[in-house]
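**Student:**
There are 2 protein chains.
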Amino acid sequence: MPKAVVSRLSLYLRELQRVIGSGKSTISSTQLGKMLGVTDAQVRKDFANFGQFGYPGIGYRCEELTENIREILGTKDRLWPVALVGCGNLGQALLGYAGFDDQGFKVEVAYDVSETIIGQPLGDLQVRDLRHLEVDVREKGIKLAILAVPAAAAQRVTDQLVEVGISGILNFAPVTLVVPDSVSIAEVDLAIQLEQLSFAVVKQLEKE
Amino acid sequence: MPKAVVSRLSLYLRELQRVIGSGKSTISSTQLGKMLGVTDAQVRKDFANFGQFGYPGIGYRCEELTENIREILGTKDRLWPVALVGCGNLGQALLGYAGFDDQGFKVEVAYDVSETIIGQPLGDLQVRDLRHLEVDVREKGIKLAILAVPAAAAQRVTDQLVEVGISGILNFAPVTLVVPDSVSIAEVDLAIQLEQLSFAVVKQLEKE
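Here it is, written out as structure tokens:
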């Protein structure tokens, strides 16, 4: 399954959450596609990878499709505990990021290796020594980690994460990580958002 | 133009950059679509919004399509100077983010309002007093800003940015900003990446 299809499920989910918020109960593949700039055929093809969710003559029932997508994404009736590794500037900033909880993720434990940071309070947490990783991960059943360590440490820490059973890593370190096939890596490409803005600014300047 | 279409241009661009790196000079809409999990019809439709870029029997010439996309996104032969506003944890972390430069963006000036941060060195920059914003933006021709201030200050700072002529804002503050139609806002939804991981982890667990 291409990553982009799974990303689109997230985008469909956000649109559905908005649509439900505005009081609508059903939506057609054409309407849903329009919001994401894809054809209605693409919408149906995306969902057909996972099942049959539409109703002839009705379209999709928003609440039901939301639940179906959450089921596919693994976030239905479930809060994923997440380990944050690296409590420098980025780690601290990420801990304050509000967008995780709503979608079913919670940073439950934060680690560092620096003696000056370990033990410090950070939001609702207290920074823990990375040496506790193995015991914590087992006890809390943690499968996901956010990697916010310096580039030089990233692969070494990744190896540790893999060894203790982490199977999904959101990588903020500017390095390509090597992991076994059974482990997934996701990266954030912030330039995409800036490109959206440069596009819009150029369009706006042309208009003026 | 839906934001998602413009985002896909960025994703096509990244794939083309990879494909060129691996030594290929042409690519079909089917191949390009496969990488992003969209149909070849969707690929052609996305590009048809902007012009006619393919060659019958050949597909797309990778270098040429790369240039075409950069032209559309406004990043061809151009480095956009960006203002970073807010030099707390997040701002400092963003300044270290390596992914901007490659795509044509450079944080040229960083601001804060705190006396303890103003004047401090930050990467290659020195944090400046937000009071200098207007003069700097005019002198450097800055159109894009990254907003990394606390939620409580976000709208006030946004108003300042708009007033001095910033037309694109990448917003990291967890608030919905109000701006005139001529100003564009982009947001980062980090939960999308975590959802990709939860999806992958669930799939992996089913396999085991």
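Sequences listed follow chains S and H, in order.
With the numbering used here applied, the first sequence covers 1355 to 1562.
With the numbering used here applied, the second sequence covers 1355 to 1562.
Every residue, glycine too, gets a C-beta built ideally from N, C-alpha and C.
Does any residue of chain H bring its CB to less than 8 Å from the CB of alanine 1506 (chain S)?
**Tutor:** It does not; no Cβ of chain H falls within 8 Å.
**Student:** Give the secondary structure of threonine 1393 (chain H) by DSSP, where H, G and I count as helix, E and B as strand, and everything else as coil.
**Tutor:** Looking at threonine 1393 (chain H) - three-state DSSP - the assignment turns out to be coil, as it is neither helix nor strand.
**Student:** Distance cutoff 8 Å, beta carbons only. Does aspartate 1543 (chain H) sit that close to anything in chain S?
**Tutor:** Yes, contact with chain S.
**Student:** Going along the chain, which residues of its own chain have a beta-carbon closer than 7 Å to the beta-carbon of leucine 1419 (chain S), five neighbours each way excluded?
**Tutor:** Excluding residues within five positions, the ones whose Cβ falls inside 7 Å are Leu1370, Phe1407.
**Student:** Of all Cβ atoms in chain S, is any one closer than 8 Å to the Cβ of glutamine 1509 (chain H)?
**Tutor:** It does not; no Cβ of chain S falls within 8 Å.
**Student:** Do you know offhand how far phenylalanine 1454 (chain S)'s Cα is from proline 1410 (chain H)'s?
**Tutor:** Distance between the alpha carbons of phenylalanine 1454 (chain S) and proline 1410 (chain H): 45 Å.
**Student:** Hey, how far is the Cα of glutamate 1462 (chain H) from the Cα of arginine 1482 (chain H)?
**Tutor:** Between glutamate 1462 (chain H) and arginine 1482 (chain H), the C-alpha separation is close to 11 Å.
**Student:** Three-state secondary structure (DSSP) at isoleucine 1423 (chain S)?
**Tutor:** Helix, per DSSP.
**Student:** Can you name, in chain order, every residue of its own chain whose Cβ lies under 6 Å from the Cβ of isoleucine 1520 (chain H), other than the five neighbours on each side?
**Tutor:** Here the set comprises Ala1499.
**Student:** For arginine 1485 (chain S), count neighbouring Cβ atoms within 10 angstroms of its own Cβ and tell me buried if that reaches 16, exposed if not.
**Tutor:** Exposed is the call here.
**Student:** Figure out for me which residue from H:Cys1441, H:Leu1551, H:Ala1506, H:Leu1501 has the closest Cα to the Cα of serine 1468 (chain H).
**Tutor:** Among H:Cys1441, H:Leu1551, H:Ala1506, H:Leu1501, the Cα nearest to that of serine 1468 (chain H) belongs to H:Cys1441.
**Student:** Can you list, in chain order, the residues of the segment 1482 to 1500 of chain S whose Cβ is nearer than 7 Å to any Cβ on chain H?
**Tutor:** Against chain H - using a Cβ distance shorter than 7 Å - the residues of the segment 1482 to 1500 of chain S are Lys1497, Leu1498.
**Student:** Any C-beta of chain H sitting closer than 8 Å to the C-beta of serine 1379 (chain S)?
**Tutor:** Judged by the 8 Å Cβ criterion, serine 1379 (chain S) is not in contact with chain H.
**Student:** May I ask you to report which of helix, strand or coil DSSP gives aspartate 1483 (chain S)?
**Tutor:** Three-state DSSP puts aspartate 1483 (chain S) in a strand.
**Student:** Shortest alpha-carbon distance to leucine 1487 (chain H) belongs to which of H:Val1439, H:Gly1375, H:Phe1459, H:Gln1550?
**Tutor:** Closest option to leucine 1487 (chain H), Cα to Cα, is H:Val1439.
**Student:** List the residues of chain H that glutamate 1462 (chain S) touches, going by C-beta distances under 7 Å, in chain order.
**Tutor:** Within chain H, no residue comes near glutamate 1462 (chain S); the closest Cβ sits about 13 Å away, beyond 7 Å.
**Student:** Going by DSSP, name the residue or residues bridged to lysine 1460 (chain S).
**Tutor:** Note: lysine 1460 (chain S) sits in a beta bridge opposite S:Pro1435.
**Student:** Helix, strand or coil: which one does DSSP assign to aspartate 1466 (chain H)?
**Tutor:** DSSP places aspartate 1466 (chain H) in strand when its eight states are reduced to three.
**Student:** Against chain H, with Cβ distances strictly below 8 Å, would threonine 1429 (chain S) count as a contact?
**Tutor:** Cβ-Cβ to chain H under 8 Å: yes for threonine 1429 (chain S).
**Student:** Under the three-state reduction of DSSP, which class applies to glutamate 1541 (chain H): helix, strand or coil?
**Tutor:** Strand.
**Student:** When you compare the segment 1538 to 1556 of chain S with the segment 1513 to 1532 of chain H, are there three or more beta-carbon pairs, one atom per stretch, that lie closer than 8 Å?
**Tutor:** Yes: the two stretches touch, three or more of their Cβ pairs being nearer than 8 Å.
**Student:** Note down, in chain order, every chain S residue with its Cβ under 7 Å from the Cβ of asparagine 1304 (chain H).
**Tutor:** This structure cannot settle anything about residue 1304 (chain H), because the visible part of chain H is limited to 1355 through 1562.
**Student:** By DSSP, does glycine 1375 (chain S) sit in helix, in strand, or in coil?
**Tutor:** Note: glycine 1375 (chain S) maps to helix in three-state DSSP.
**Student:** Check the C-beta distance from alanine 1505 (chain S) over to valine 1542 (chain S) and give it rounded, since I have them as a contact under 8 Å.
**Tutor:** Incorrect: roughly 15 Å between the Cβ atoms, too far for contact.
**Student:** Could you spell out the range, first to last residue, of the alpha helix (DSSP H) harbouring glycine 1522 (chain S)?
**Tutor:** Here glycine 1522 (chain S) belongs to no alpha helix (DSSP H); instead the beta strand (DSSP E) covers 1522 to 1525.
**Student:** Distance, Cα to Cα, serine 1538 (chain H) vs glycine 1391 (chain S)?
**Tutor:** Each residue's Cα considered, the two are about 18 Å apart.
**Student:** Which chain S residues are close to leucine 1524 (chain H), counting only those with a beta carbon under 7 Å from its beta carbon?
**Tutor:** Those within 7 Å of leucine 1524 (chain H) in chain S are Gln1547, Leu1548, Leu1551.
**Student:** Can you check which of these residues, S:Val1360, S:Asp1478, S:Gln1547, S:Gln1474, is closest to valine 1345 (chain H) by C-alpha distance?
**Tutor:** Only positions 1355 to 1562 of chain H appear in the structure, and residue 1345 (chain H) is not among them; the question remains open.
**Student:** Pull up the distance between the alpha-carbon of tyrosine 1465 (chain H) and that of arginine 1492 (chain S), whole angstroms please.
**Tutor:** Cα to Cα, tyrosine 1465 (chain H) sits roughly 43 Å from arginine 1492 (chain S).
**Student:** Any C-beta of chain S within less than 7 Å: which residues of the segment 1397 to 1415 of chain H qualify?
**Tutor:** The segment 1397 to 1415 of chain H vs chain S, Cβ under 7 Å: Lys1399.
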